[in-house]
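Undergrad: Residue numbers (this note's numbering), protein chains in the order written: chain A, 1 to 399; chain B, 400 to 798; chain C, 799 to 1197. Cβ atoms here follow ideal geometry from the backbone N, Cα and C, with glycine treated the same way.
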Amino acid sequence: MTTLKSLIQAQRHGHALAGRFYNDEAIFREDLARFVFQHWFCVGHLSQLPTRGDYRTVDIGQESLLLIRGDGEQVNGMLNVCRHRGSRLCASGFGHATGGRLVCPYHAWSYDLDGRLLAASQMAKDFRREDHGLRVLPVEVVEGLIFTTLSASPPAFDDARTVLQDCAGTYGWGRAKVAHREMYTIHANWKLAIENYMECYHCQPAHPSFTRSHLYARPAEMTAEADQAARLRSSALGIRIEDLDGYATEARPGQESVSILRSAMAEGMRTASKDGAPVAPLMGAFRDYDGNSTYFDIGPLSDFLAYPDHGMVYRFIPRSVHLTEMEVLWLVDAQAVEGRDYQIDRLTWLWSVTSAEDKKIIEWNQAGIRSDFFVPGPYSAQERYAQRFTEWYLKALGA
Amino acid sequence: MTTLKSLIQAQRHGHALAGRFYNDEAIFREDLARFVFQHWFCVGHLSQLPTRGDYRTVDIGQESLLLIRGDGEQVNGMLNVCRHRGSRLCASGFGHATGGRLVCPYHAWSYDLDGRLLAASQMAKDFRREDHGLRVLPVEVVEGLIFTTLSASPPAFDDARTVLQDCAGTYGWGRAKVAHREMYTIHANWKLAIENYMECYHCQPAHPSFTRSHLYARPAEMTAEADQAARLRSSALGIRIEDLDGYATEARPGQESVSILRSAMAEGMRTASKDGAPVAPLMGAFRDYDGNSTYFDIGPLSDFLAYPDHGMVYRFIPRSVHLTEMEVLWLVDAQAVEGRDYQIDRLTWLWSVTSAEDKKIIEWNQAGIRSDFFVPGPYSAQERYAQRFTEWYLKALGA
Amino acid sequence: MTTLKSLIQAQRHGHALAGRFYNDEAIFREDLARFVFQHWFCVGHLSQLPTRGDYRTVDIGQESLLLIRGDGEQVNGMLNVCRHRGSRLCASGFGHATGGRLVCPYHAWSYDLDGRLLAASQMAKDFRREDHGLRVLPVEVVEGLIFTTLSASPPAFDDARTVLQDCAGTYGWGRAKVAHREMYTIHANWKLAIENYMECYHCQPAHPSFTRSHLYARPAEMTAEADQAARLRSSALGIRIEDLDGYATEARPGQESVSILRSAMAEGMRTASKDGAPVAPLMGAFRDYDGNSTYFDIGPLSDFLAYPDHGMVYRFIPRSVHLTEMEVLWLVDAQAVEGRDYQIDRLTWLWSVTSAEDKKIIEWNQAGIRSDFFVPGPYSAQERYAQRFTEWYLKALGA
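(1) Counting only the same chain and skipping the five closest in sequence on each side, list residues whose C-beta sits under 6 Å from that of Leu329 (chain A).
(2) Hey, Arg959 (chain C) and Ala1046 (chain C) are a contact pair by Cβ (cut 8 Å); roughly how many whole angstroms apart?
(3) Going by the CB atoms, is the gap between Gly86 (chain A) and Phe434 (chain B) shorter than 8 Å?
(4) On the three-state DSSP scale, how would you describe Asp297 (chain A)?
(5) On the CB-based measure, 16 or more other CB atoms within 10 Å of its CB, does His422 (chain A) come out buried or exposed?
(6) Identify which residue in C:Val961, C:Arg1031, C:Arg1085 has its Cα closest to the Cα of Val940 (chain C).
(7) Counting only Cβ pairs nearer than 7 Å, list the residues of chain A close to Ile768 (chain B).
(8) From which residue to which residue does the beta strand (DSSP E) around Phe1114 (chain C) run?
(9) Quick one: residues in its chain with C-beta nearer than 6 Å to the C-beta of Thr223 (chain A), no 5 flanking neighbours on either side, listed in chain order?
(10) When you compare the CB positions of Trp838 (chain C) and Ile1039 (chain C), do they come within less than 8 Å of one another, or not?
(11) So the beta strand (DSSP E) Arg487 (chain B) belongs to, where does it begin and stop?
(12) Where do the ends of the beta strand (DSSP E) carrying Val258 (chain A) lie?
(13) Since Gly452 (chain B) and Ala518 (chain B) are thought to touch, with beta carbons under 8 Å apart, how far apart are those beta carbons, to the nearest angstrom?
(14) Under 9 Å Cβ-Cβ, which residues of chain C neighbour Gly398 (chain A)?
(15) Just to confirm my understanding: we take Ile68 (chain A), look at its own chain, exclude 5 residues before and 5 after, and list those with CB closer than 6 Å. What are they?
(16) Tell me the rounded alpha-carbon separation between Arg175 (chain A) and Val103 (chain A).
(17) Just to confirm the assignment, what range does the beta strand (DSSP E) spanning Arg1068 (chain C) have?
(18) So Glu655 (chain B) packs on Ala555 (chain B), CB below 8 Å; how close in whole Å?
(19) Below 8 Å on the Cβ atoms is my guess for Gly767 (chain B) versus Val81 (chain A); work out the distance and round it to an integer in Å.
(20) Using a beta-carbon distance cut-off of less than 9 Å, what residues from the segment 773-797 of chain B approach chain A?
(21) Out of curiosity, what's the CA-to-CA distance linking Ser804 (chain C) and Ala1197 (chain C)?
(22) Between which two residues does the beta strand (DSSP E) holding Thr456 (chain B) run?
(23) Quick one: list the residues of chain B neighbouring Arg135 (chain A), beta-carbon separation under 8 Å, in chain order.
(24) Can you list, in chain order, the residues of the segment 332-362 of chain A whose Cβ is nearer than 8 Å to any Cβ on chain C?
(25) Roughly how far, in whole angstroms, is the beta-carbon of Leu258 (chain A) from the beta-carbon of Ile146 (chain A), given that I think they are within contact range, below 8 Å?
(26) Keeping to the same chain, check which residues put their C-beta closer than 6 Å to that of Leu1099 (chain C); ignore five residues upstream and five downstream.
(27) Going by other Cβ atoms of all chains shown within 10 Å of its Cβ, with 16 needed for buried, is Ala18 (chain A) buried or exposed?
(28) Suppose you measure from the CA of Lys395 (chain A) to the CA of His107 (chain A); what does that come to, to the nearest Å?
(29) If you count every other CB in all the chains shown that lies within 10 Å of the CB of Ser1033 (chain C), and 16 or more means buried, which is it?
(30) Count the other CB atoms, across all protein chains shown, that sit within 10 Å of the CB of Gln1164 (chain C); report buried if there are 16 or more and exposed otherwise.
(31) Please check the pair Pro1116 (chain C) and Asp829 (chain C), which I expect to be a contact at CB under 8 Å, by giving their CB distance rounded to whole angstroms.
(32) Look at the alpha carbon of Phe526 (chain B) and the alpha carbon of Lys191 (chain A), and state the distance between them as a whole number of angstroms.
(33) Assess, as a yes-or-no matter, whether the segment 596-616 of chain B is touched by the segment 733-740 of chain B under the definition of 3 or more beta carbon pairs within less than 8 Å.
(34) Let me see if you follow: with CB-CB separation under 8 Å, is Asn1163 (chain C) close to chain B or not?
(35) Look at Leu877 (chain C) and Arg933 (chain C) and say whether their C-beta atoms are less than 8 Å apart.
(36) Identify which residue in C:His882, C:Ser1169, C:Arg1010, C:Arg827 has its Cα closest to the Cα of Glu861 (chain C).
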């Protein structure tokens, strides 16, 4: 693709991507092959697959993946495509492999929970079952969070594991459950959704509720003092999580992209609720509210946000050039009881409001970028992570 | 298309087609031009056009064809596209050419039932009406079944005529009528629908009702004895139809693909009904039930199945790369009276259930095959006709 | 695009365009870039933007334009795309720029009504606001009609201005208002919609109501006498508008395409109403009905039709290869009061009926032209303007 190469070379440093990166179907296919499928991404929480044989499907691009609970805490990942004639094995959603077997609904080829072919009738004498297992994917489970990748040689997961243990570990996500789950369908290229998530320059104009409760909505230089105070409150509670910038092009060589960013809540806000009051029991190592919050990211598609009483998982899912899905999970402590310890509407209020706002502005962004006359402008200081994301992306596509 | 050539060369013998054959729009266009449009296909039954001037439209790909009853048993075929500026002449469906003329709704050019231009006002002095008739298509009508082709040099129809006389003739379809008609919209490439029809490896897992009543659902080696017994019962009734394999690559040189396959009904099943009991009066040469059934095929898109009391016509219609239609006709004797001699729901039960099952599994197959990671597996012995269909197809595309 | 060049060369003189011109997405993009975007087109009437800061958006292709009322009668045109990251600035439809500013909903960059950037927070030290204004478009306002273009070097507007002053001026459109507005969505290539508008060969078969009231539906040689009589009645009322043919390839060098064509109403018809009776107060220079009507056109997309008591604006809007919108405006004198001086249903009857008929036949035309076997036929004498439109178009695409 000479066109792609020349497009990359024509990019102006510090400026938004040219429109074709968001509109061209051939480039979308390159996005998947060269970038998205080469990284790790979160596919849910272990509490969603409580029993051996429980599975969920996960869509990405045109792919359907299967995550199946195996023995103990093990989760197996595989392509949800029969090795015979290519039928989907399992219907979309959550399910259970009865009898510890996956049986294709078309011709009844059957597989065990590791993806090995167990039976296929009427095949030729020289047919070898061991050559016809499902395509198996690497899986990592850390502090309840499940990750997989479609890459044959993915980046190392060590830094990611450390970040997850520090953040998800401290906040007790390994003993959490999914209290609520929401799917957002965004009619825009996936990169616009990621850029939106990676900058808070838009928070003041577009997210009044988030802005009221989170200092992150303000320029960094205005929040240094409050952030310092929040860090001291965390320390006093024995909570020690340090900022870490290994995001995108700053990832350590050979390691998956990771970052941790701690940011103070607005004054009087103990958590991300309408009035700042708690919405669920304290989690993990927390014995009190520290007025702090922890953003962390693994790879390009998976973002997390932890409060002392609940956690957020954001899964960005490229589907087609102008279609992106976002799955949002709300985590609470596994022992918390709905109705008694938390109410869904109070728990989910802020990020329901904010995600709906994001869907709208991302779609407006896409609508404008369809113009043949769009001239990309410069990123502001407050968009430095969005900018770095695009530089990372361009590097991968140009490789 | 070097890509197409290299894709064809990369095909592994005895294995399913690579995913791109089912997903690529450019290949779909080649499918139509090099294969589908080069063959004959069934476009309905004469009883659907009882009177001179009656017509039906038939869609295939982006094409709309017009089949018009002419004098006697003659049916004229033509493109449903005005030779002036390209408007459709007739609305989709069944209709009647009032006054024995087709008048374009746009500028009123009018044609006779043979497609000859009769009138066009305001044209230049040197305009020749005889140069501006509709594109006429060859039509064959045998035992009530109407066939056409878009090919300028189609395969000879002799073998097809013989098969139709033997099968449709013996079962009395020349004196039949359409008791019911159903259109199925299948969100999958047309080749997956054909492969599905051409194999019964999937019948046991996917079609419990069909499997209960038809021995064809079982591997051939298990049904030899029952098939032999059924043949003797047929002979005793004077019914002599022999199996014939001229399907696909086995067609005689220059002749259209044809096949006849007789297969016994399950024990106690006289016809394809819920309880095996008759659903309509005996047809054609049948004086009693022989516990047998006759599958026959003409070209790649048209399949037929005959029972002593009713007949089935399956018309597969490629529309776009991921959209296929299937028109199913239920035939009964022309003298049979609905309500008295047959009930639609009893008559249509099995193939309504089975066609709905097929739609679902074909669409699941397509969903899986959209994966970029799909690796085609080997066909089983019971899928030999599906395999032969793909070999026929590849030969046509590679030519 | 060698294909495009060879397609153009293969065109047969005096014949309709080959099907690919109406079906190919790549050609549609060329249509916009080389032809549509190089011309002027009408974007509404000044009465729709009565106050400083009022705006409307206008879609064309994938573009969204912004027309904003400035000081006095000035209208500013600009691209509705933020110069920062490409978000749409204003929601589709009509609105008002509060405080005389346009503020981007994404990151709050703000612009004045001329499109100059007023404020952008958090930008780098060397950021120059004067380099980041909106893309400004030329705008012409003549006799209440607003025109713009996306061309960097559009044809001169002098001839267009003269035609508008003669026609819209005489009919008093500068003191008119929009009584009704309708959007038609036509599932067809935009060129089929234009060709339909540019010929009345189809009027007798397809538009019985129009044909009853307008002599234009008949071949020119049959209406010469009546047209002459109508001209004399106009003169007697002091109305002097002369036919002018500068349409398409007949435009004066460097000037936008223009035309004026006067045509008599059918006997007893004073205006375009069901019974021929007036539907609104006389407009402009008219003191009585002259039994005449005036068709005029500017550029390829904008057509107008004037009666003594009301005016019609037809805006053709290419959206995608098979999608065209048509906005129709009904103008009456600005002083006329709905309910007292005119009723919407009486006013709009003829062109509601006729536009719905056109939508249907244009879509039928497109359906037929999707056929791979469509052979373009010759234009009739009554289609000479449609033919000339295609010649103009081919010349632009081949340049």
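TA: The short version:
(1) Val178, Arg181, Val313
(2) Between Ala1046 (chain C) and Arg959 (chain C) the Cβ distance is about 19 Å, and since that is not below 8 Å, they are no contact.
(3) no
(4) strand
(5) The requested residue 422 (chain A) does not occur in the structure, where chain A is confined to residues 1 to 399.
(6) C:Val961
(7) Gly86
(8) 1109-1118
(9) Leu215
(10) no
(11) That residue, Arg487 (chain B), is in no beta strand (DSSP E); it is neither H nor E in DSSP.
(12) 258-264
(13) About 17 Å separates the two Cβ atoms, so there is no contact after all.
(14) Per Cβ cutoff of 9 Å: no residues; Gly398 (chain A) is ~22 Å from chain C at best.
(15) Tyr55, Asn76, Leu113
(16) 32 Å
(17) That residue, Arg1068 (chain C), is in no beta strand (DSSP E); it is neither H nor E in DSSP.
(18) 7 Å
(19) 4 Å
(20) Phe773, Val774, Pro775, Gly776, Pro777, Tyr778, Ser779, Ala780, Gln781, Glu782, Ala785
(21) 13 Å
(22) 453-459
(23) Phe772, Val774
(24) Ile361
(25) What sits at residue 258 (chain A) in the sequence shown is Val, not Leu. Between Ile146 (chain A) and Val258 (chain A) the Cβ distance is about 17 Å, and since that is not below 8 Å, they are no contact.
(26) Phe839, Phe1114
(27) buried
(28) 44 Å
(29) exposed
(30) buried
(31) 7 Å
(32) 58 Å
(33) no
(34) yes
(35) yes
(36) C:Arg827
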